[in-house]
Each structure stands twice: as structure tokens, then as C-alpha cells.
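Residue numbers (my numbering): 1000 to 1062.
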């Protein structure tokens, strides 16, 4: 469970922003979305290979 201590004279907006940042770092929402449907391991690997190729292509263009 994520806890955020609101400091004295701190606005709720800032505290909420800190909470959202911590929550995003945990990756909880990403995991929930991933578990909504099953993806075969072969499909996951294929997507990862495609992503890696794209990243490499972008790196090569920058250099």
C-alpha cells in the first residue's frame, strides 16, 4: 500500500502528484492491464523483437 505523508503547508495537488508518481513507479496499473487477457509467449517474444528492432533503427538514425 502506498502512503504519502502530506507535509505542513503542502497543497493537495502536490501531494496527489507525488502519489501518482509513486503509483506509476510500482507498475501496478500496467500489470493489471496486462493480466486482463492472456498473451501467448510466442506472441510476446515477437512483439519484443519488433520493439527492439524499431529501437535499434531509431538509434541508428540518430547517430
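Cβ atoms here follow ideal geometry from the backbone N, Cα and C, with glycine treated the same way. Remember, it's a predicted structure, so these values are computed and weren't measured experimentally.
Taking C-beta atoms as the reference points, residue 1001 and residue 1021 count as a pair closer than 8 Å. The alpha-carbon of residue 1035 is positioned some 32 Å away from that of residue 1011.
Rounded to whole angstroms, residue 1023 and residue 1016 show a C-alpha spacing of 11 Å.
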